[in-house]
Each structure stands twice: as C-alpha cells, then as structure tokens.
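*Asks:*
There are 2 protein chains.
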Amino acid sequence: MDSDFGIPRELSDLQKHRSLYEPELPPCLQGTTVRVEFGDATTAPDPSGAHTISRSFPHTYGQPLAHFSGLLQKSLMLRVGVVFCGRQSPGGHNVIWGLHNALKIHNPKNVLLGFLGGSEGLFAQKTLEITDDILSTYKNQGGYDLLGRTKDQIRTTEQVNAALSTCKNLKLDGLVIIGGVTSNTDAAQLAETFAEAKCQTKVVGVPVTLNGDLKNQFVESNVGFDTICKVNSQLISNVCTDALSAEKYYYFIRLMGRKASHVALECTLQSHPNMVILGEEVAASKLTLFDLTKQICDAVQARAEKDKYHGVILLPEGLIESIPEVYALLQEIHGLLRQGVSADSISSKLSPWASALFEFLPPFIKKQLLLYPESDDSAQLSQIETEKLLAHLVEAEMNKRLKEGTYKGKKFNAICHFFGYQARGSLPSKFDCDYAYVLGHICYHVLAAGLNGYMATVTNLKNPVNKWRCGAAPITAMMTVKRYSRGPGTSSIGKPAVHPYALDLKGKAYELLSQNATKFLMDDLYRNPGPLQFDGPGADAKAVTLCVEDQDYMGRIKKLQEYLDKVRTIVKPGCSQDVLKAALSAMASVTDILSVMSSPSSAQTPL
Amino acid sequence: MDSDFGIPRELSDLQKHRSLYEPELPPCLQGTTVRVEFGDATTAPDPSGAHTISRSFPHTYGQPLAHFSGLLQKSLMLRVGVVFCGRQSPGGHNVIWGLHNALKIHNPKNVLLGFLGGSEGLFAQKTLEITDDILSTYKNQGGYDLLGRTKDQIRTTEQVNAALSTCKNLKLDGLVIIGGVTSNTDAAQLAETFAEAKCQTKVVGVPVTLNGDLKNQFVESNVGFDTICKVNSQLISNVCTDALSAEKYYYFIRLMGRKASHVALECTLQSHPNMVILGEEVAASKLTLFDLTKQICDAVQARAEKDKYHGVILLPEGLIESIPEVYALLQEIHGLLRQGVSADSISSKLSPWASALFEFLPPFIKKQLLLYPESDDSAQLSQIETEKLLAHLVEAEMNKRLKEGTYKGKKFNAICHFFGYQARGSLPSKFDCDYAYVLGHICYHVLAAGLNGYMATVTNLKNPVNKWRCGAAPITAMMTVKRYSRGPGTSSIGKPAVHPYALDLKGKAYELLSQNATKFLMDDLYRNPGPLQFDGPGADAKAVTLCVEDQDYMGRIKKLQEYLDKVRTIVKPGCSQDVLKAALSAMASVTDILSVMSSPSSAQTPL
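As you go down the protein sequences, you meet chains W and P in turn. Using my numbering, the letters of the first sequence correspond one by one to residues 70 to 676. Using my numbering, the letters of the second sequence correspond one by one to residues 70 to 676.
1) Using the three-state DSSP reduction, which class does I203/W fall into: helix, strand or coil?
2) Taking one C-beta from the segment 490 to 507 of chain P and one from the segment 154 to 168 of chain P each time, how about it: are there three or more such pairs within less than 8 Å?
3) Measure the alpha-carbon distance for V527/P versus V151/P and round it to whole angstroms.
4) Show which residues of chain P have a CB atom less than 9 Å away from the CB atom of V308/W.
5) So, is M666/W buried or exposed, given that buried needs 16 or more other C-beta atoms within 10 angstroms?
6) Closer than 9 Å, Cβ to Cβ, to anything on chain P: give me those residues from the segment 574 to 607 of chain W, in chain order.
7) Hey, does V323/W have any beta-carbon neighbour from chain P nearer than 8 Å?
8) Can you pull the chain W residues whose beta carbon is under 9 Å from the beta carbon of E79/P, in chain order?
9) Counting only beta-carbon separations shorter than 8 Å, does E316/P have a partner in chain W?
10) Just to confirm the assignment, what range does the beta strand (DSSP E) spanning R148/W have?
11) Counting only beta-carbon atoms, is P675/P nearer than 8 Å to chain W?
12) In terms of alpha-carbon separation, which member of K536/P, G489/P, L98/P lies closest to N307/W?
13) Could you spell out the range, first to last residue, of the beta strand (DSSP E) harbouring T196/W?
14) Checking 8 Å against the spacing of the C-beta atoms, do N521/W and T129/W come in under that value?
15) For K237/W, verify whether its CB is less than 7 Å away from any heavy atom of the ligand ZN.
16) So, are the CB atoms of E456/P and C485/P less than 8 Å apart?
17) Which residues mark the beginning and the end of the alpha helix (DSSP H) in which L603/P is found?
18) With a cut-off of 8 Å, do at least 3 Cβ pairs link the segment 359 to 366 of chain W to the segment 405 to 419 of chain W?
19) Rounded to a whole number of angstroms, what is the C-alpha to C-alpha distance between S117/P and M548/P?
20) What does the alpha-carbon distance come out to for the pair S424/P and A333/W?
21) Using a Cβ-Cβ cut-off of 8 Å, state whether Y213/W counts as contacting chain P.
22) Tell whether a beta-carbon distance below 8 Å holds between L245/W and V273/W.
23) Within 10 angstroms of its Cβ, does K480/W collect 16 or more other Cβ (buried), or is it exposed?
24) Determine the DSSP secondary structure at I346/W, reduced to helix, strand or coil.
25) For chain P, check one thing: does any of its Cβ atoms lie closer than 8 Å to the Cβ of P557/W?
26) Using CA coordinates, which residue listed in Q99/P, G108/P, I392/P, Q84/P is at the minimum distance from E631/P?
27) Mind listing which residues of the segment 213 to 237 of chain P have their C-beta closer than 8 Å to chain W's C-betas, in chain order?
28) Going by DSSP, what residue range makes up the alpha helix (DSSP H) through Y476/P?
29) Would you kindly report the start and end of the unbroken beta strand (DSSP E) that includes L384/P?
30) Can you tell me which of the three DSSP states M548/P falls into?
31) Could you give the uninterrupted runs of the alpha helix (DSSP H) lying entirely in the segment 478 to 544 of chain W, keeping only those of 4 residues or more?
32) Which stretch, first to last residue, makes up the alpha helix (DSSP H) that contains A397/P?
33) So the beta strand (DSSP E) F433/P belongs to, where does it begin and stop?
34) Can you tell me where the alpha helix (DSSP H) holding V250/W begins and where it ends?
35) Apart from the five residues on each side of it in sequence, which residues of its chain come closer than 7 Å, Cβ to Cβ, to L649/P?
36) Straight-line CA distance for Q400/W to D446/W?
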C-alpha cells in the first residue's frame, strides 16, 4: 500500500497549469521574518462551560490569541509531522504545500514528515518525507492521495499513547492535524496530553472540512467548503436547466450536510433552485413528515396553477434526523439494535406510535432506517434516501388531490439525486487553494512561536488575499459543553468539545434566502455559476454566505484592544478631573452592560 | 407556459463572459458569398438496402453531396422555422444562433421562427420570432429553454399533416429540425412528404444528441456529446480521486448510453477509471450476468493481492439489454405486459428458465424490470439500476469466496452512482459552442441552395475550426434497413431509418482502450481533465475518440473526385497508346476490386 503514496501522477493540461500556480501570501506572512503578537487570554464562548473546559485542559486553556504581522522570528530548526484526519476535502494538499514551503523558506534544514494512511500512520509511525519533488504533482489538486487517510479518531488511551510515542521517537517539534470538528477536538486533547507528559511536540489544528460546520468567532470558513458548494451548484444548475427545458419533472436533490445545512444553503444562494428544506428550519419549527409533504404539495399545486410542472428541491442528508417523529423512531430502532435485536424483529418491538409511523413508511426506507447507527450515534445518513421518501409521499398526496378534484393539473413526476461523492474529490477552487496554502504557512509560524493546542486561522476572508488577517486561536476557546443530548449518546454530555456549528436562522445568509424564497419558488430565477474556473471570469467568485455574513471577529478583537489602549493613553495620571470622571462614568456603563450580556443565563450560542 | 420562453435570464459572471464569445467560422463560410458545390449522387451505405430506401424516398433519395466553399450566392428572402426535437443536448441554442446570424447577414429581412415546446409547437403553430435581443442571454449557454421541447416524434399521419399545414400557413422556405437519430429519420420522412405534396418548405436536419450515436460516413460527432463526456469525466475523476484517498470503496457508475456505449468509452479514455463494461463487448461476447460478475470479482481479487481495496467501474445504462439472458427475460416480461398481464402476476407466467433467472434477482431489480417498456420497445433504462445489481452480485460472490477461503482480502464495499441528468443541462464546451454555431450557419446555406432532406455536416473536426469542412448530405444516404430484430419491435423491420451507430469494436478508439485496459485496471492511472474550462489550458481539448479515429470521409470523397478528374485530364483523346493502355489496365483492376468489395454479400456496417 505504502509504495503507492507520493508517486508522481500523470496530469491533464488543466492540472499541469494548476500545478504551476502559486498562491499569494497576505503581507503579514511575506518575507522571512514574521512577528507573532499576542492578544488577550481567551475564554470559552459559553461562560457556563468555561469552568469545565479549564478543568479538562489545565495546560492549554486560557492561552492568548496570536496575530502574525511581519518582522523578527528566530529561524529554529524544526521537525514537523502532518496528518490527514477524517473525510477528504478539496484543498487539503495545499495545507501541506504551504507548510512545507514556510519550513524551507525559514531554514532549508527543516523537515516535514507526512503520516501515511491518516491517523493509523501516526499510530504506526509510517512516514513519508515531504519534498518539492513529491509535491510537484499535488499542488492545487484535489483528494488526499498524497498521504491517504483512514480512520478519523485519535481518542482512546491506546491511540493517544501511540501518537505520543511516535512524536517522541521522531523527535517532532510540531504535529499538524488537518481535519474538521472531531479531529480538532482530538488535536486539543492531544496538545493537553503532550503538555502534561512534557513532550516537546506542539499540536496545531487546521480547519479543513467540506461540511463547513467548523465555524465560530475565530473561524470564518473551512477548506473544501467553497469547492464543494461550487461543484454542487454547477450540478444543481445543470439540473435546473434540464427541468426548465423538459418542463415535466420535479428533481429532489439530497446534498451533503449531516449535522448542519451549510452546503444546502450556500448552493441555494448560488443556483436559485425552487426550494430548499433546511434541517435547522425543520428542527426549529418541529415540522413533521406530514407538514413537509403538505408544504411541497402546496408549492407544486401553486406552480401548476401557473402551468409549471417542473422544479428543483434541495435537502441536506441530515434532514431525516431533524424531523422530530422520525428522529424519535430512529432512537428506538438504534436502542433495539444496540441491545442486539435483529433488524427483522425490530418492527414488532417498537412502541405503538413508533410502530405506526414505521408501518406507514415505504419498504425501501424501512430497510434503510434499520441500518446500524454510526460511531457518532447518528443514523447512516448517506444510505437513507430521504429525497426518495419525500418524492414518494408528495406523489401519493398529489395523486390523492387529483382524485379528489382539489388538484386539477398534470400528473406529478419526480426524479431523485444524491450528490454525495461527486464533489468530494474535485480539484479545489482558487479560493480553497489560496486559503489552504496560507493556513499551511500559518501552521509553521504557530509552531515556530512554540504555541501548543492552537488552530491556524485566517479572517477577513471575503476580502482579497492582501487584506486577509492571519492568526491562531487556542482550540479550547472554541469548545462548548453539552448539558443535554437527544439521543443515547450520553457519553458526550459534560465533555468539552468543538461542536458542529448549526446554521444561524437569525443570520444574514438565512435572511437573504427568506427574502427571496417566494421568488425562487415561483419565478424560476435559476442561476448558473457554471463549472469551476481556474482562469477568467468566475475564477475568483467567493461563497455567498461568506460574503453576506458580517464576521471579522478577530479584526474587532484587535480594534477593541486599540480602544482600551487609547483610553489608557488619554487617561494617564495627570489628566484632568473632568476627563477622568467622564472615563469612569463611561466605563462603568460599558462594564455594566457587558456583565449583564455575558452572564451564564443569557448565554447565546457562538456567533 | 408560452410567456416563459424567450425571457432574458439572469446570468452569472461566467455566463455573461460566455454570452460575449462569438465562434469563428471556417473560411468556406466567411463573408456574405458562399458557393455550394455538388459532389456525386449518393447511395446508401448498405447496398442491399438501397433499393428499399429509394422506393420509400422517391423524391429525396440519391441526391448529391453538397460542399460549401465561398463565392457567389443569391441573397434570397427566406422564412425559416426551427424546432428542438428529443432530449436536450448542450449546444442546441448555438445552432439557432448560428442560423439566425447567417440569415441576417445575408438579408436583414430574413425571418427565423422558433417553435415553442418542441414538435407540439410545430403541430400547433406556436412560434416565437427569434431576434438578437432574445438570443442575447442564450448564446453559448446550455439547455433548450429558449424554446422548450416536449415529445420527440413527428411520425403519425396526423403529426406529419399538422407539420405540413403549419409550414404552408407560415409560408416557410425552410424547416430546421434539431435532434438525434429518431428526429433526423423523421426529418427525412417529412422532406419526402413535403416534396410529394409540392410544399415549398425544405427540411434540414442537424445532428444534435448527447449520446453521440448519430455517426456515419458524413457525421463525425454530435452537438452535446463533447460536453456530456467532459462533465461526466470531471465527476468520474472526482470519484477516482475519492476512491484513491479513502482506499476502501469500489464505485459503480452508470452513464448515459442506451443503444450504444460511446459516452462510456470516451469517459474512460478521458479519466482512466479501473474498468468499463461496454454494451457492445458484452453483446459480441455473449457475456452472461454470471460471466460479468466473475470478471469483476477476479479483478477485485487481483487488486486485493496488491493491497488495493478501491476502484472505479463504469457501465452504460443500456448494458442491461446487452446481457443475453436478461434481454430475453425482458422480452418475455414486455410481451406479457403488452398482453395486459399485471406486474404482480407476471412472475408466475414466465417460462421456466426466465422464471429461474427472475427469482434469482434481488427484489429492487425485479421491480424495475417489471416497468412498462418505452415507446421504442426498450426497457425503462434510466430506471433500472444495473450498477446496483452488479455491485450486489459482486458483493455476494466476494463474501462467498471469503467464506470458502479462496479470497483472503478485506471485505468488499461498493457505492453506486447514476450520472444521468447532472450533465444534460450543462453549459456547453467550447467545441460544442463552435460546432453548433457552424452547423447553424450551414443550415442557412443548405436552405439558400434549395436543398431538401439534407443534414448539415462538418468534417475534419479534430483539426482547428479554420480547417473544418462544411457540407451537407442527404439523410437517406445515412439510412439502413433492418432485416431482423431481436425484440417484438417488428414494426421497424424493413423500414429505412437512420439507426444508432454502435461502438466499433474494430475501431481505433476501442483499440486504444484494449491496449491500456490492464494498466488502467491495476495501476490506478486516474487522469483528471478537471471541470469544463472556457478560458486557459484545457478549454480547447477535444474528445479522445474524435481525435484517434481516422475519419474525414467527406475529405476523401473530394480527393477521389480530384483523382478521377486528373485521369480524365491526362487521358484525353490524343494521348499516347501506352498511356491509354496503362490507364485501362489500372482502372480495370480498380473497378474489379471495388465491385467485389461493395457487393451485397460482403456488405459491412457503416464506417
């Protein structure tokens, strides 16, 4: 197996052209001397969980933010390891390239070791030394095939100890973990364990996950999300054009997005399909299967009245778990499966109401709901064809309305799609190429500054690269503590972790959707962003959600510090009594307001 | 419905950029004066069918080839109608644009009417006058939504008469039919009927079909095929990268291609997956389901021995009908369905052997095989999940081998995909933009020359646009007569028609595949052409099958004429006895060879 990694690949013309592209660095990272500037000590977003987190991470909680700004940096000799954790995300290779480049710029003797086959390579100490030659056919290309990946967990004592001894044996100064929510939680845990064990290896996490759900005050977007949304939007637009040309089908398209519907929302804003069903909306409004069916049928009927018999409807794969009664049914099924009840005899052991729902469902979906749950207690979402279930229910209801005479249009026809794997291995978008490369550079600076348990961050991403702000934040500052859980996954209760960020129904991106939903539904305002371009118009397009959201948390934290410094400068001993009085009164009122807003009882979810 | 057509669409940046691109014309079509040059009278490719065809098409059979070459052309006032027939194919809009442009260049008073909603608009005389304004947001864009489309047949007496009276009422000089094999057969029939009825309207066909199966001596490729193969290759490459990164899944991907496997072959040559199962191969070798399963299992096992547990396998949607025993089973089922036997009771009425096969199949495929056949007697191929059937059979066999100890590798895992609708509405590739636009121009010249029952053709397509040869050939010269048929579709026997061109297992494209098949299977030589580019490297890439095949039939016909003319010039009365003797002896031998080769008994399938 190993002999296959790092082999140069045959590249197509476009790939060759891509491999020659070198992303620009933000000014703060240019040159060989980069200064790290520390901000205030960090806290956790939810004050009530802060104590639990600080107890779990005594060595790494409460560290300050770091900003990079150019000037002064010792050129240490560094040995660094890097590992892909979790599902492949377009752009992952560029993190390694950026890291390698930064290491070599600062000291040609620096060493970068890639672990082969993901975390298993980390445990088994299987490495490949990264060189310019090896990287040449992987720059700006998709997949994780430079190093491969396997399991996505570094969690059990055995696994953590294996990682520790690998890092010690290889005398690593740093370990870079490329992954999503779970992998970065593991990275924080590893950092804490290493610190306790007085291991010299510092751990850095990089936010790389195509779901786009590793989002918080410090992290605006994830490597891969931009590409996934663009490739899926291309396909959705193709289907919209198809629908509009043939005028006889409703397309139901299931997209990636397990715990959160970020991909579905972004694709909707890029391609303007007729309808999108967001998991967060359904959960918040407690919509039942019956409600959803009715909602779609009413839309189909309204369109039929305008002589339109086609349409495109998006949904995330996690939707099925957001529908309250289906979720409860799944919990019962999973409970029975865990007790060892065979799938065949489950239906007879369900509670009366769950049994009633189960029997109502079509056979294909019954079979899929009976699959054994995944390691994170969720259903096997990629296997459950929610799009077919909805199409089936809508068809039945439309036929009923037709029979009863309440619907007088043509027969309803549906075609179903699951866009789950087609985009994951895509060539990365230019944005993801740049973002990943810059993050790779930042990893070097985090390690060179001797920081442990941090995540590399870039903010102000909606602006051009030369306006990007580079920094790092302790992963513990992104953690929250769950105090309840819907399912039997009680193991996660009370444990600090980075959790998937749910779509914000009060956010600007969702607001943009709400404002346009009726027009999208009725007027077929299909928009076609086209295939991913690497040159020419469209090549520099950015995600709509990234651009409409008003983020730049890190920029604001810096601005606040400037204000505080300014107050200190103005109100020095010797200033006038009036100035001092004004300052005191103003500061008293500021602190009052902030204390009230940040008391545990009024705590908000992050962002 | 109608109010929706011709409305300007909101365009994305890439679409705007595309809408400003104007394809180059080959030199022979440049300027306002284009000369038509006639070649020899045409015959049919299969001599034994020629008589039948000439009897069915007394007015339009045997017309000469036409070449266009610049100089002299009357600027008549022309009224032309255009209609989309059959499934939408990327590039269709550019045929209309090219035609409109040519009409307006030659006489601003020329009129182009588009029929709304396909052939139904033609029958019902629903038109939209094409203008520059209307075209502006449809240039170089996908879909058929400028005019829409519905049914793909113009065949019954009622339909043909409706078309005739529409053309008469609208005083059309020409009718352009944009479509595939079926629509062009209909176009030829319409031309013949119009000629007989002394209707002034001339009919021209344009080869537009994403299946790529309208191929013969005169037609090298079809509008849409290039785009479909590129978009599918992009997705296949993404899946290959995914397979290589995760190293745990076999992907089974079903592609478009009902009667022929052109899309599957081209995508294989572009993206180098591990395996492709071509319908023509299976039919030629009479491979059974069992053979196919064994073949795939042996491949999986051979790869496992090299520690590879991933792979990508392509198949065309028509494959299921190429497997002899499944085809026979389908014929029995369709026969019973046509007799009115309900799907539920069919299994008990099957012949013993068909029943045995049917019972052996998994439930989901049984249900799909029981669907009512389509109007062309084929099964509902888009609904039959052959990829899942094969994955299921391979998994069962691998588990058996594992149990018996003949296979010692890891468990076999499959993920299935159907890439059927994702590409059909795509923005067209640059090649399809150019090809369609030039064909549109040719349609004008065919009509201006007063030709009836011709198809617009461009040859030498693998070379740059300035080397393209523009012409037109009578559709009857592309017809063959089927003398037997496997199914109950006896209606088509003995009737001349343009038939789908099956993949040539002796051709150069297939040879290229055969030479590389083992390497593709074992060495993971995945190639990623990337997403469709409109600028920069890769934007001008052409289909591999187009480039490797040695075509240019039209160029050779011209070359032959030059030789014959030369002989005539050299051997004029007054030439020496020796020259005349040499000429006679050489010509006698040439004609002897050709008579033997073109006698009915040794007739070959076209190309």
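Ideal Cβ positions, reconstructed from N, Cα and C, are used throughout, including at glycine.
*Replies:* So, from the data block:
1) By 1-based counting over the first sequence, the position of residue 203/W is 134. DSSP places I203/W in helix when its eight states are reduced to three.
2) Yes, they touch.
3) Translated into the one-based positions of the second sequence, residue 527/P becomes position 458. Translated into the one-based positions of the second sequence, residue 151/P becomes position 82. Distance between the alpha carbons of V527/P and V151/P is about 19 Å.
4) Here the question's residue 308/W lines up with position 239 in the first sequence. The answer, in chain order, is Y490, Q491, R493, G494.
5) On the first sequence, residue 666/W is found 597 positions in, with the first residue counted as 1. Around the beta carbon of M666/W, a 10 Å sphere encloses fewer than 16 other beta carbons of the protein chains shown; the residue is thus reported as exposed.
6) Those residues of the segment 574 to 607 of chain W that come within reach of chain P (Cβ to Cβ, closer than 9 Å) are D593, L594, Y595, R596, N597, P598, G599, P600, L601, Q602, F603, D604, G605, P606, G607.
7) Stepping through the first sequence from its first residue, residue 323/W is reached at position 254. The question names Val, yet the displayed sequence has Arg at residue 323/W. No, R323/W does not count as interfacial toward chain P.
8) Start at 1 with the first residue of the second sequence, and residue 79/P comes out as number 10. Per Cβ cutoff of 9 Å: H341, L594, Y595, R596.
9) In the second sequence, the residue the question calls residue 316/P occupies position 247. So yes, E316/P belongs to the interface.
10) Position 79 of the first sequence, counted from the start, is the residue given in the question as residue 148/W. Taken as a continuous stretch (DSSP letters only), the beta strand (DSSP E) holding R148/W covers 148 to 153.
11) Position 606 of the second sequence, counting from 1, holds the residue named residue 675/P. Unreliable positioning characterises P675/P in this predicted model, as indicated by a pLDDT of 43, which lies under 50. A coordinate reading is not provided.
12) Indexing the first sequence from 1 puts residue 307/W at position 238. Ranking the options by Cα distance to N307/W, first place goes to G489/P.
13) Here residue 196/W refers to the residue found at position 127 of the first sequence. Where T196/W is concerned, the enclosing beta strand (DSSP E) stretches over 196 to 198.
14) Position 452 of the first sequence, counted from the start, is the residue given in the question as residue 521/W. Position 60 of the first sequence, counted from the start, is the residue given in the question as residue 129/W. Against a cut-off of 8 Å, the Cβ pair of T129/W and N521/W comes out as a contact.
15) Judged by which ligands are present, the structure shown has none, so any question about the ligand ZN falls away.
16) Your numbering for residue 456/P matches position 387 in the second sequence. Your numbering for residue 485/P matches position 416 in the second sequence. A contact, by the Cβ cut-off of 8 Å.
17) Working through the second sequence from its first residue, we reach residue 603/P at position 534. Strictly speaking, residue 603/P in this sequence is Phe, with Leu absent from that position. Segment: none, F603/P is in no alpha helix (DSSP H) and carries neither H nor E.
18) No, they do not touch.
19) As a first step, residue 117/P is located in the second sequence; it is residue number 48 there, counting from the start. As a first step, residue 548/P is located in the second sequence; it is residue number 479 there, counting from the start. Taking the CA atoms as reference points, S117/P sits about 12 Å from M548/P.
20) Counted from its first residue, the second sequence places residue 424/P at position 355. Counted from its first residue, the first sequence places residue 333/W at position 264. Each residue's alpha carbon lies about 45 Å from the other.
21) Your numbering for residue 213/W matches position 144 in the first sequence. With 8 Å as the cut-off, Y213/W counts as an interface residue toward chain P.
22) By 1-based counting over the first sequence, the position of residue 245/W is 176. By 1-based counting over the first sequence, the position of residue 273/W is 204. The sequence given here places Val at residue 245/W; Leu does not occur at that position. Against a cut-off of 8 Å, the Cβ pair of V273/W and V245/W comes out as a contact.
23) Along the first sequence, read from residue 1 onward, the residue named residue 480/W stands at position 411. In the assembly as shown, K480/W is an exposed residue. Its beta-carbon has fewer than 16 other beta-carbons within 10 Å.
24) On the first sequence, position 277 is the one that residue 346/W refers to. In this structure, I346/W counts as coil in the three-state DSSP scheme.
25) As a first step, residue 557/W is located in the first sequence; it is residue number 488 there, counting from the start. In this prediction, P557/W scores a pLDDT of 47, lower than 50, which makes its location untrustworthy; no coordinate-derived value is stated.
26) Translated into the one-based positions of the second sequence, residue 631/P becomes position 562. Answer by Cα proximity: G108/P.
27) The residues in question are Y213, D214, G217, R218, T219.
28) Here residue 476/P refers to the residue found at position 407 when the second sequence is read from its first residue. Neither: Y476/P is in no alpha helix (DSSP H) and is coded neither H nor E.
29) Within the second sequence, residue 384/P is the residue found at index 315, counting from 1. From DSSP, the beta strand (DSSP E) with L384/P extends over 380 to 385.
30) Residue 548/P sits at position 479 when you count from the first residue of the second sequence. Here M548/P sits in coil by DSSP.
31) Secondary structure in the segment 478 to 544 of chain W: the alpha helix (DSSP H) runs of 4 residues or longer, each lying completely within the stretch, are 499 to 517 in chain order.
32) In the second sequence, the residue the question calls residue 397/P occupies position 328. First-last of the alpha helix (DSSP H) with A397/P: 393 to 407.
33) Taking the second sequence and counting its residues from 1, one reaches residue 433/P at position 364. F433/P -> not in any beta strand (DSSP E); alpha helix (DSSP H) instead, spanning 432 to 438.
34) On the first sequence, residue 250/W is found 181 positions in, with the first residue counted as 1. Element bounds for V250/W: 250 to 265.
35) Taking the second sequence and counting its residues from 1, one reaches residue 649/P at position 580. Cβ-Cβ distances below 7 Å link L649/P to V640 in the same chain, with the five nearest sequence neighbours on each side left out; the list follows chain order.
36) Against the first sequence, residue 400/W aligns to sequence position 331. Against the first sequence, residue 446/W aligns to sequence position 377. Whole-angstrom Cα-Cα distance: 9 Å.
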